[in-house]
Structure formats: C-alpha cells, structure tokens
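First residue of the sequence shown: 4, per the working numbering; consecutive thereafter. In this text, a Cβ means the ideal position worked out from N, Cα and C, and glycines have one as well. Shown next, in structure tokens, is the structure this report addresses.
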Amino acid sequence: KFMGFVVGSPSPRWLLLALATLPRAVISQFAYTPTPAGMVLSHCVHEIPSGARVEEANDGSLLISTPPSMAILVIPPCDNHNGTYPTVVGHPRSMRIPGDAEVNLPADYDGWLQYTAYHDTEGFDSFIGKFTVPDNPKRHPHILYLFTGLQNIDWIPKVDAEPSEAFDIIQPVIQYPADWGEDHWSVKSWYVTLKAGALHSREVPCKTGDVVLGVMNRTGAESWVISSTVQSSGKTTS
C-alpha cells in the first residue's frame, strides 16, 4: 500500500539513486510511454489525485481510493495480450555478466544511465532525500529522469530479463523536459509495477536551482507515503 499517495506493497529492500533517459514513445502494435522505471504500455500509465490511497488486490489489480470522498476506482492488471507485449520493456535475456565484468549495452540503450543501489535484508522505514535541480541539459534529451527510489527486488529495467517474481518501485522523480513545457523541469511521485503498470501524481513545476524534497515514509506494515515538495514554492505532489 502506498499513500500520499499511499501504496500497499511488501517491504522494499533495495534503495536506489538513479538517472535515466528514455525516448518519448515507442510504437510497435501498442504504444509505450516513458516512466522512470522504463517504457510502460501507454494504456497502463495512470495519473491519480494527490492524497489517493492505493492497494493491490490478489489478482494484481489496483484499488484507488480517491479524495475527498475516497470512492474506489479499480485499475485492472495491465492488458498485455497474454504476455505478447511486456508491460515494462526489458531485454529477453539478462545482460549482466558474472563478477565485475563490463556489461556491453546496445547502441540504442534507453534505460538507466547511472545508478547506485544498497540492499538491506531488514528493509527500510524511510528514505528522504533532497535534489537540487540541475542546469538544463546542453543537448536536448528525449526525456531525462533523476530520482531516489525503493524497490522490493534487485531488478534493473532493460539490463535484466523480466523477473519471475512480483516487482514494484516507489520513487519521487524530477524530469526534463516537463510535460507542460519543453525547456522546463517538473517533479512527480511514481509507483510502478509489472502487473498493473504505472501510477503517478500530478506534475508540479520546478526550475534550475530549486531544491526538491523527496520523501518515502512507511506508515504501516505494508503502506508508504510518497511525496515530492519544491521547497521554493512550497508545492507538493504526492
């Protein structure tokens, strides 16, 4: 359960700091939309209201309680035509090499460019970080994401084969360009799974030099608040 938005999920055990760049869209028979966790089937990417509560049902669907009435919206598992189209684009085989050998990524690689990870066997209760929004890139990227995150298993989109077990990640994210303007930054809070797809909060503008406070706090055995606050404006998206 993640909240704030609030989400329900097993205890995250992997902490991440990452930078990713992705194209705006990939078209096969279905369209894909960029997210901080990789390219996700477009019809499985959803914006939800700030303060919504999210719970995962046994069948993989998501139950969204939306304020102020907390009426429940059901998002079914992502329709990927019985696995014909992956919910999150990855590679058909693992590209990791045993030991510390270099991984040779393809020339058209569009996943996480840099990241660092930490594994804690006991899990986490909180992960709070501050981002200083950098200068605009000298060369215009398709889309650039910078984020901290917590995820339940050690899986890297596009580098690793799709996992056999459930995967989810929570993450406050700054992105460039913003959805609302080509030469601007923005921030959203995200929850991405391989079953239902991706949820994100509304976009909040930010600019170079702004400090963004990203918060992931445990509120229960399997519930978390995800929020992102632009400190100069005081605006929060969660």
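What does the alpha-carbon distance come out to for the pair Ser-236 and Val-136? Taking the first residue of the sequence shown as 1, we reach residue 236 at position 233. Taking the first residue of the sequence shown as 1, we reach residue 136 at position 133. Roughly 14 angstroms separates the two Cα atoms.
Can you have a look at Asn-85 and say buried or exposed, based on whether 16 or more other CB atoms are within 10 angstroms of its CB? For this step, residue 85 is matched to residue 82 along the sequence shown. That one is exposed.
Using a Cβ-Cβ cutoff of less than 7 angstroms, which residues in the same chain neighbour Trp-158 once the five nearest sequence positions on both sides are dropped? Taking the sequence shown and counting its residues from 1, the one referred to as residue 158 is at position 155. So the qualifying residues of the chain are Pro-166, Phe-170.
Quick check on this structure: which residue in Pro-140, Gly-132, Leu-147 has the alpha carbon closest to the alpha carbon of Leu-153? On the sequence shown, position 150 is the one that residue 153 refers to. The option with the nearest alpha carbon to Leu-153 is Gly-132.
Which residue from Gly-114, Asp-213, Ile-173 puts its Cα closest to that of Met-219? Stepping through the sequence shown from its first residue, residue 219 is reached at position 216. For the residues Gly-114, Asp-213, Ile-173, the minimum Cα distance to Met-219 belongs to Ile-173.
Provide the residue(s) that pair with Asp-171 in DSSP beta bridges, ordered along the chain. The residue labelled residue 171 in the question sits at position 168 within the sequence shown. Thr-196, per the DSSP bridge assignment.
Given a cut-off of 8 angstroms, decide if Ser-64 and Ile-75 are closer than it, judged by their beta-carbon atoms. If you number the sequence shown from 1, residue 75 lands on position 72. If you number the sequence shown from 1, residue 64 lands on position 61. Cβ atoms of Ile-75 and Ser-64: not closer than 8 angstroms.
Cβ neighbours of Gly-102 in the same chain (closer than 8 angstroms, five flanking residues each side left out): Position 99 of the sequence shown, counted from the first residue, corresponds to residue 102. Unreliable placement is indicated for Gly-102, whose pLDDT of 45 sits below 50; the coordinate value is still reported in the next sentence. Closer than 8 angstroms at Cβ, skipping near neighbours: no residue.
Could you compute how far the alpha carbon of Val-207 sits from the alpha carbon of Asp-213? One-based indexing of the sequence shown puts residue 207 at position 204. One-based indexing of the sequence shown puts residue 213 at position 210. Rounded to whole angstroms, Val-207 to Asp-213 spans 12 angstroms at the Cα level.
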